[in-house]
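Colleague: First, the structure itself, so that you have it in front of you.
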Amino acid sequence: MLLTSWRQVDAARLHQGAPGPDHTDVESVQEVPLTVRQVVRAGEVHSLFQPIVELDSGRVVAYEALARGPEGPLRSPDVLFAAAREAGCLAELDAACRAAALRGAVEQGLLAPLTVFVNVEPEVLDDAPLAELARSVADAPGRLNVVLEITERALAARPAELLRTVVRVREFGWRIALDDVGADSLSLAFMPLLRPDVVKLDLRLVQERPGPAIAEIMNAVNAYAEASGALVLAEGIEDAGHLRMARALGATLGQGWLFGRPAAGAVRDRPSGRIALPAPGRSRPGTTRSRRSSACPRRCRCAGRPRRC
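Encoded structure:
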């Protein structure tokens, strides 16, 4: 479950999560660094929510909160966060996005059994008032299930702070998702250490032609999922072909335009349910899982040649 997404989003991720008009040129950040503080102080940041679907049943089981600024050059999250970084108010924007995501999740009724996925900005990991956020979650009307998303950028930039944050998050009873897995080999090396409950595949794994490199990544991901009980979530599912690929890769959860674009509230035309997260304390090497498809990596490497799944 997820509360918010308030990090900088790269061009590929914007393609998945943000409509076309949000694609403001990052170079325009030079025009707005003096106004981003006004946006934060005026409470002009809000969250949209994109559904996360159980692939077998089609049920919506979670939402990812995606930050948006006011109409204009700061609406796009990449521009908004780049401007905040340049203006020296990244921590303030990060907190504002968390608050907006929590408020939006409550207002839209995204409560248990649904889950809300919340992204944390790697550069402010140590400054993020997670205890305050935990109290807000506990005080919310109804129960909010939270999954905190960690990105590969956090692994590379601030590994010590990241590990401390993960310990604190687990103390709150929240779950961990490792995002953009496969974009860099670092995430594969850190999986056994972080013990994520959800592994979110980089959208390129779903959208690009399969081959030995993707097969190697998925062998590692599926081995970890088998041992830990973690769920595999495929991002960037925009058409039926992407959906077939996601299933072939072994994903049981999916996210992308095929299931719904980011919106102010819950999806109304799909049934909803509970995400089947592993039991607390079991997301570690050594446990087993009853079912997992790892067919794609084996087929892709058939006869040593890439093959479309």
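Take the position in the sequence shown, starting the count at 1, then add 17; the result is the number in my numbering.
Built from N, CA and C at the ideal position, the CB exists for glycine as well.
From residue 269 to residue 222, what distance separates their C-alpha atoms?
Modeller: Residue 269 and residue 222: Cα-Cα distance of roughly 15 Å.
Colleague: In the structure shown, what three-state DSSP assignment does residue 51 receive?
Modeller: No answer about residue 51 holds up, because its pLDDT of 47 lies below 50 and its placement is not dependable.
Colleague: Measure the Cβ-Cβ separation of residue 167 and residue 211 and say whether it is below 8 Å.
Modeller: A contact, by the Cβ cut-off of 8 Å.
Colleague: Starting from the N-terminal side, write out each stretch of the alpha helix (DSSP H) that is 4 residues or longer and does not extend beyond the stretch 118–187.
Modeller: Correct list: 147–156 and 169–174.
Colleague: Alpha carbon to alpha carbon, what distance is there between residue 161 and residue 132?
Modeller: Those two C-alpha atoms are separated by around 7 Å.
Colleague: Cα separation between residue 65 and residue 130?
Modeller: One C-alpha to the other measures close to 19 Å.
Colleague: Locate the beta strand (DSSP E) running through residue 192, then write down its first and last residues.
Modeller: From DSSP, the beta strand (DSSP E) with residue 192 extends over 192–198.
Colleague: Between which two residues does the beta strand (DSSP E) harbouring residue 64 extend?
Modeller: Its beta strand (DSSP E) spans residues 63–71.
Colleague: Look up residue 284 in the DSSP assignment and say whether it is helix, strand or coil.
Modeller: In this structure, residue 284 counts as coil in the three-state DSSP scheme.
Colleague: Candidates 295, 297, 290 and 296: which alpha carbon is nearest residue 74's?
Modeller: The option with the nearest alpha carbon to residue 74 is 290.
Colleague: From 115, 141, 177 and 171, pick the residue whose C-alpha is nearest to that of residue 152; which is it?
Modeller: Among 115, 141, 177 and 171, the Cα nearest to that of residue 152 is on 115.
Colleague: At what residues does the alpha helix (DSSP H) containing residue 264 begin and finish?
Modeller: Looking at the DSSP string, the run of the alpha helix (DSSP H) that includes residue 264 is 257–266.
Colleague: How far does the beta strand (DSSP E) with residue 270 in it reach, from first residue to last?
Modeller: First-last of the beta strand (DSSP E) with residue 270: 270–272.
Colleague: According to DSSP, is residue 82 helix, strand or coil?
Modeller: In the structure shown, residue 82 sits in a strand (DSSP, three-state: E or B).
Colleague: Checking 8 Å against the spacing of the C-beta atoms, do residue 194 and residue 72 come in under that value?
Modeller: No, the Cβ-Cβ distance between residue 194 and residue 72 is not below 8 Å.
Colleague: Using the C-alpha atoms, what's the distance from residue 138 back to residue 346?
Modeller: Outside the shown range of the chain, which is 18 to 326, sits residue 346, and nothing can be said about it.
Colleague: Would you check if the stretch 213–220 and the stretch 238–258 touch, i.e. whether three or more CB-CB distances between them fall below 8 Å?
Modeller: Because the criterion of three Cβ pairs below 8 Å is met, the stretch 238–258 and the stretch 213–220 touch.
Colleague: Which residues share a DSSP beta bridge with residue 248?
Modeller: According to DSSP, which records beta bridges pairwise, residue 248 is partnered with 215.
Colleague: Tell me whether residue 289 sits in a helix, a strand or coil according to DSSP, three-state version.
Modeller: Here residue 289 sits in strand by DSSP.
Colleague: Since residue 56 and residue 91 should fall inside the 8 Å C-beta cutoff, what is the C-beta to C-beta distance between them, to a whole number of angstroms?
Modeller: With a Cβ gap of about 6 Å, residue 56 and residue 91 count as contacting.
Colleague: For residue 271, which residues of its own chain have a beta-carbon under 6 Å away from its beta-carbon, when the five flanking residues on both sides are left out?
Modeller: Taken in chain order, the residues that qualify are 70, 72, 251, 254 and 263.
Colleague: Relative to the C-alpha of residue 135, which candidate in 236, 245 and 192 has its C-alpha closest?
Modeller: Residue 192 is the option with its Cα nearest to residue 135.
Colleague: Using DSSP's beta-bridge definition, name the partner residues of residue 77.
Modeller: Residue 77 is bridged to 70 and 289.
Colleague: Does the Cβ-Cβ distance between residue 67 and residue 278 come in under 8 Å?
Modeller: Cβ distance < 8 Å, so residue 67 and residue 278 count as in contact.
Colleague: From residue 141 to residue 159, what distance separates their C-alpha atoms?
Modeller: Whole-angstrom Cα-Cα distance: 29 Å.
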